[in-house]
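Residue numbering for the sequence shown follows UniProt numbering, beginning at 1 and increasing consecutively.
Glycine included, every Cβ here is placed at the ideal spot set by N, Cα and C.
Quick caveat: nothing in here was measured; it's all calculated off a predicted structure.
Below is one structure, written out as structure tokens; comments come after it.
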Amino acid sequence: MTETPAHLNPKRRHDFVLIFQVTDGNPNGDPDAANRPRTDDRTGHGRVSDASVKRKVRDYVHTLHADSDTHRIFIQRDEPLNGTLRKAYEALGLTGSKAAERKLAPDILQAVTDLQEREVLPMAFTVDEDEGLLSYDTSLTKEDVKALFEQLKPQRLPKALMDALKDITKGSGQNKVNTENVGRAREYMLKKYYDVRMFGATMDTGTHKAGQVRGAMQVHMGRSAHPIETVHDSLARVTVTREEDRHKRTTFADRWTVPYAAYTVTGQYSPHSDAAGFVTSDDLQLFWEALTKMYDNHRTASSGSTSSLKVVIFTHEHPMGNLPSYALYDDVTITATDTPRSVKDLQVQVPADGPHPRSPKVTVTVLDPANPS
1 MTETPAHLNP
11 KRRHDFVLIF
21 QVTDGNPNGD
31 PDAANRPRTD
41 DRTGHGRVSD
51 ASVKRKVRDY
61 VHTLHADSDT
71 HRIFIQRDEP
81 LNGTLRKAYE
91 ALGLTGSKAA
101 ERKLAPDILQ
111 AVTDLQEREV
121 LPMAFTVDED
131 EGLLSYDTSL
141 TKEDVKALFE
151 QLKPQRLPKA
161 LMDALKDITK
171 GSGQNKVNTE
181 NVGRAREYML
191 KKYYDVRMFG
201 ATMDTGTHKA
211 GQVRGAMQVH
221 MGRSAHPIET
231 VHDSLARVTV
241 TREEDRHKRT
251 TFADRWTVPY
261 AAYTVTGQYS
271 PHSDAAGFVT
281 SDDLQLFWEA
291 LTKMYDNHRT
301 ASSGSTSSLK
311 VVIFTHEHPM
321 GNLPSYALYD
331 DVTITATDTP
341 RSVKDLQVQV
351 PADGPHPRSP
361 KVTVTVLDPA
371 NPS
């Protein structure tokens with residue numbers, strides 16, 4: 001019987017470093033800065049969000065396993081989360097908790113909206129202005145409701161609003177049936193949805209709740225190995241969008257790119273997380289595979305030529321770890337010239353495959369997409 005490779009063992013802790021390069025592309029634009037590449041204002045280093053990396057992994061898994069019953073993706077574009085949770089309840093033959101509703105005058109509903117905009121009222125309450133309804137999804141515990149009213153006391157709210165809130169939350173608290181349904185739905189989501197067990201999810205919105213899950217794989221913010229340059233290009237189009245612009249021969253658009261940069265992203269798999277009991281060796285294999293191939297299968301005009309260079313995995317013998325994460329991450333170093341323009345302008349140093357030089361209880365696995373074993 002073939003022994004499972006160390007980096008595929010879901011009962012052991014794994015730290016990893018992903019190294020990828022970008023040429024004439026934008027690895028992760030900042031929507032608050034006209035989609036410019038994210039940078040550290042102090043050092044000039046580029047930054048990449050963990051959400052961006054996990055999006056690429058999700059897309060890779062979905063493309064490869066679109067028809068798989070156990071590798072579905074929960075966080076998807078144009079797919080409401082509450083709708084997905086409702087389908088889970090339907091698959092299990094469960095009934096969601098019934099929302100409480102109250103008809104209120106327009107001025108009282110406006111007062112509720114004002115509280116929501118100031119983040120005083122939790123998301124458990126929603127307003128339907130067209131129907132004049134205040135809805136409560138019954139998700140708050142008795143302690144939550146008590147704390148809410150203590151917070152509302154100094155607000156000097158209209159008596160009609162306070163009476164409505166007290167009436168609609170009367171008898172709050174999870175009953176036994178709801179609690180059991182949440183537990184069953186949570187397990188269903190962990191078994192069926194790859195990104196729920198790997199990255200975790202908040203699934204307690206709406207009336208079909210599945211609780212919260214802390215994912216087994218945590219991905220951190222990425223950072224470039226050197227200060228980056230950003231380039232702005234104005235692009236000319238020979239077409240127009242609006243009817244009133246028909247007379248114009250060209251219109252213009254903006255694009256921000258990085259001429260070249262190498263980035264590192266770190267992360268950790270914990271066998272003690274909420275979801276680790278549902279993670280298999282195949283799940284880990286798929287994750288490492290995604291890190292090596294996801295950029296080559298996610299080409300867009302704005303992303304340019306983006307590719308993974310190496311994935312370095314540190315597997316600990318002890319489930320709580322044998323060496324600190326930061327010391328392992330520091331074993332991966334990248335030195336670049338003043339103006340790098342390709343991988344040839346980098347010096348990448350990673351530990352060799354096998355036992356770690358500082359502890360034989362840590363095993364190093366290096367995945368090289370350009371030289372697969």
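For residue i, list the residues DSSP reports as bridge partners.
| i | result |
| --- | --- |
| I334 | V348 |
| P227 | H45 |
| Q268 | D15 and Q218 |
| S308 | F20 |
| Q76 | DSSP lists no partner for Q76. |
| R36 | D30 |
| D254 | S234 |
| F314 | D15 and V364 |
| A100 | Y136 |
| P355 | T363 |
| N202 | Checking the displayed sequence, the identity of residue 202 turns out to be Thr instead of Asn. Partner(s): Q212. |
| G25 | V258 |
| Y263 | F20 and S224 |
Residue i: which of the options sits nearest, CA to CA?
| i | options | result |
| --- | --- | --- |
| Q155 | L18, L115 and E143 | L115 |
| P340 | H14, D24, K11 and V17 | D24 |
| M217 | M203, V120, L284 and G354 | L284 |
| V265 | L346, K293 and A225 | A225 |
| P351 | N322, D331 and S359 | D331 |
| V22 | P5, N371, A261 and K361 | A261 |
| T230 | R246, Q268, A66 and A33 | A33 |
| P369 | A105, T70, T292 and P122 | T292 |
| Q349 | D338, Y329, P122 and G206 | Y329 |
| L18 | A290, P319 and V258 | A290 |
| D254 | A275, H232, P5 and I228 | H232 |
| H316 | S359, K344, G277 and S97 | S359 |
| P259 | G44, A91, G304 and L367 | G304 |
| V120 | D40, K153, T202 and D78 | K153 |
| E131 | K103, I313 and F252 | K103 |
| G183 | F314, R77 and G96 | G96 |
From residue i to residue j, what does the alpha carbon distance come to, in whole angstroms?
| i | j | result |
| --- | --- | --- |
| V53 | N297 | 13 Å |
| M221 | R38 | 11 Å |
| D144 | Q151 | 11 Å |
| L190 | N181 | 14 Å |
| Q212 | I75 | 14 Å |
| G46 | N28 | 9 Å |
| V196 | K159 | 43 Å |
| K142 | D163 | 17 Å |
| H14 | Y269 | 5 Å |
| L235 | W256 | 11 Å |
| L117 | G321 | A quick correction: the sequence has Glu, not Leu, at residue 117. Answer to the nearest angstrom: the Cα atoms are 44 Å apart. |
| P10 | V279 | 6 Å |
| G200 | E101 | 31 Å |
| D67 | S373 | 28 Å |
| L161 | P80 | 30 Å |
| L148 | A105 | 22 Å |
| H318 | H272 | 12 Å |
| H71 | T4 | 21 Å |
| P227 | D50 | 19 Å |
| L323 | H7 | 16 Å |
| D167 | Y89 | 28 Å |
| residue 375 | H65 | Here the chain has residues from 1 to 373 only, and residue 375 is not among them. |
| V219 | K87 | 28 Å |
| L92 | L157 | 42 Å |
| R42 | D282 | 41 Å |
Go through its chain and collect everything with a Cβ distance to residue i's Cβ below 7 Å, but skip five positions before and after it.
| i | result |
| --- | --- |
| S139 | A124, D204 and K209 |
| V127 | L109, V112, T113 and L134 |
| L286 | V61 |
| F20 | Y263, Y295, T306, S307, S308 and L309 |
| E129 | L109 |
| S325 | D15 and Q268 |
| V343 | Q21 and L309 |
| G206 | N82, L85 and D137 |
| D345 | A336 and T337 |
| residue 406 | For the chain, the structure presents residues 1 to 373; residue 406 sits outside this window and is missing. |
With a threshold of 8 Å on Cβ separation, who are the neighbours of residue i within its own chain once the five nearest residues in sequence on each side are excluded?
| i | result |
| --- | --- |
| G354 | T363 and V364 |
| T63 | N297 |
| K170 | none |
| A275 | L190, V196, R197, M198, G200, V213, R214, G215 and A216 |
Leaving out five residues before and five after residue i in sequence, what residues of the same chain have Cβ atoms less than 6 Å from its Cβ?
| i | result |
| --- | --- |
| Q347 | T335 |
| V48 | P27, N28, G222 and Y263 |
| K56 | M294 and H298 |
| D30 | R36 and R38 |
| H356 | V362 and V364 |
| E244 | none |
| R186 | A210 and G211 |
| R58 | I73 and D195 |
For chain B, is any of its Cβ atoms less than 8 Å away from the one on residue i?
| i | result |
| --- | --- |
| V120 | This model lacks chain B altogether, as it is built from one protein chain only. |
Item to complete: Could you tell me which uninterrupted beta strand (DSSP E) segments, each at least 3 residues in length, are contained entirely in the stretch 102–190, listed from first to last along the chain?
Response: If we require 3 residues or more, the beta strand (DSSP E) runs fully inside the stretch 102–190 come out as 125–128 and 133–136.
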